[in-house]
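With our numbering, the residue at position 84 of the sequence shown is 84, and numbering never jumps.
Even for Gly, the Cβ is constructed at its ideal location relative to N, Cα and C.
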Amino acid sequence: MKINSIYRYPLKGFSAERLARAELKAGRVIDGDRRFVLRHAASKFDPAAPTWQRKAEFVVLAHGSAPATVETRFEAATGVMTVAQKNGHQLFVGNVMTDAGRRGASFVLSQVVKDGRGAVELIDAGALAMTDIQTPALSLINLASVKALSDKVGIALDPMRFRGNILIEDAAPWAEFELVGKSLRLGGATGRVMKRIDRCAATSVDPATATKDINVVAMLQQHFSHIDCGIYIEITGAGTIKAGDAITVA
């Protein structure tokens, strides 16, 4: 197995940023991954006393395809977030490390998502990393498994539907499930495979078109008798990873 590509998602539920390399740290996610969240008015998340919360407390693709209609980028060095339409037209550029910047981004994003639960607010969750599970972990997606599902349903599914941090190649379909409980070496880092990733309605949205075109969860169940795609890895030893790096059982 080897790393095909690496991604982070600075704003949970929104677009990916492809990385040439990542410096991994023990017990942490990729720096900046799921650092920001879009809190809806009914959310239990309290910015004054932040704790990890489930994705239901935020605006995410599982609740509607609107987040896939824009591209978001974040530059940690400057604090600048950019929100743009798919055609490149910029809707917002500002320093979201400031209160004024977050208010501006919140207003623009509220026009994009139009959440029925009330006003939305961009929150900097900092080191909390609002991943889908409470333990800070990276998600690994096997491109061969995605292709196996694509072949069954007759649609070339974009692997980005599964919102993985690391996409791998040169592995047999579903071989990643055999790694659960094992320790891996990923480039210069090490990690422990925690569990398989059960999928949700977010995978029904084509990230390129922002349309719901296929019930991926139902197709997984129908063709493979499970609803899983990918595995969670907890980083146990710091190191650098990049595309092309080998992944081996430690």
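First through last residue of the alpha helix (DSSP H) which encompasses VAL217
That run of the alpha helix (DSSP H) goes 216 to 224.
Please report the distance separating the alpha-carbon of PRO159 from that of SER139.
Using only the alpha carbons, I get a separation of about 12 Å.
By Cβ distance, which residues of its chain are closer than 7 Å to ASP132, with the 5 residues on each side in sequence left out?
Contacts found: LYS55.
Beta carbon of MET81 nearer than 7 Å to that of ALA105:
Taking C-beta atoms as the reference points, MET81 and ALA105 count as a pair closer than 7 Å.
At a cut of 8 Å, does the segment 110 to 121 reach the segment 40 to 52 through at least three beta carbon pairs?
The segment 110 to 121 is in contact with the segment 40 to 52.
Using CA atoms only, rank isn't needed, just tell me which of ALA148, THR78, ALA137, ASP245 is closest to GLU234.
The option with the nearest alpha carbon to GLU234 is ALA137.
Could you check which residue in LYS195, ASN4, LEU143, ALA238 has the C-alpha nearest to that of TYR232?
Selected option, being the one with the closest Cα: LYS195.
Note down, in chain order, each residue of its chain lying with its Cβ closer than 7 Å to the Cβ of GLY94, except the 5 sequence neighbours on either side.
VAL80, MET81, GLY101, GLY104, ALA105.
Would you report the Cα separation of ALA246 and THR69, rounded to the nearest angstrom?
Roughly 34 Å between the two C-alpha positions.
Strand pairing of PHE14, partner residues [DSSP]:
The partner list for PHE14 (beta bridge, DSSP) is empty, contrary to what the question assumes.
Measure the Cβ-Cβ separation of PRO10 and PHE92 and say whether it is below 7 Å.
Taking 7 Å as the Cβ cut-off, PRO10 and PHE92 do not qualify as a contacting pair.
Element boundaries [alpha helix (DSSP H), containing GLN90]:
No alpha helix (DSSP H) holds GLN90; the beta strand (DSSP E) holding it covers 90 to 95.
Find the nearest neighbour of ASN87 within the set GLU71, THR98, VAL96, ALA76, judged by alpha-carbon distance.
It is GLU71 whose Cα lies nearest to the Cα of ASN87.
In the segment 69 to 128, which residue ranges form an unbroken alpha helix (DSSP H) of at least 4 residues, counting only runs that do not cross its ends?
The segment 69 to 128 contains these whole alpha helix (DSSP H) runs: 99 to 113.
Residue interval of the beta strand (DSSP E) (run including LYS55):
First-last for LYS55: undefined, no H or E at that position.
Assigned secondary structure, ARG35 (DSSP; H/G/I helix, E/B strand, else coil)
In the structure shown, ARG35 sits in coil (DSSP, three-state: anything other than H, G, I, E or B).
How is the beta strand (DSSP E) around LEU179 delimited, first residue to last?
Per DSSP, LEU179 belongs to no beta strand (DSSP E) and is neither H nor E.
For LEU184, which residues of its own chain have a beta-carbon under 8 Å away from its beta-carbon, when the five flanking residues on both sides are left out?
If we look at LEU184 and ignore the five residues flanking it on each side, its Cβ neighbours are THR190, GLY191, ARG192, VAL193, ILE233, ILE247, THR248, VAL249, ALA250.
Which residues in the same chain have their Cβ closer than 7 Å to the Cβ of ASP170, if we skip the five residues on either side of it in sequence?
Correct list, in chain order: MET1, LYS2.
Between which two residues does the alpha helix (DSSP H) holding ARG147 run?
Here residue 147 turns out to be Lys, not Arg, going by the sequence shown. Residues 143 to 153.
Under 8 Å: do the segment 170 to 181 and the segment 201 to 219 share three or more Cβ pairs, one atom per stretch?
Touching, no.
Using the three-state DSSP reduction, which class does ALA62 fall into: helix, strand or coil?
ALA62 carries a helical assignment under DSSP once its states are collapsed to helix, strand and coil.
Beta-carbon gap between SER5 and ALA243 smaller than 7 Å:
Between SER5 and ALA243, the gap from beta carbon to beta carbon is short of 7 Å.
Inspect the beta-carbon positions of ARG21 and THR240 and report whether they are closer than 7 Å.
Taking C-beta atoms as the reference points, ARG21 and THR240 count as a pair closer than 7 Å.
Hey, ILE166 and ASP198 are a contact pair by Cβ (cut 8 Å); roughly how many whole angstroms apart?
Going by Cβ atoms, the distance from ILE166 to ASP198 rounds to 18 Å, so no, they are not a contact pair.
What three-state label does DSSP hand ARG192 in the structure shown?
Strand, per DSSP.
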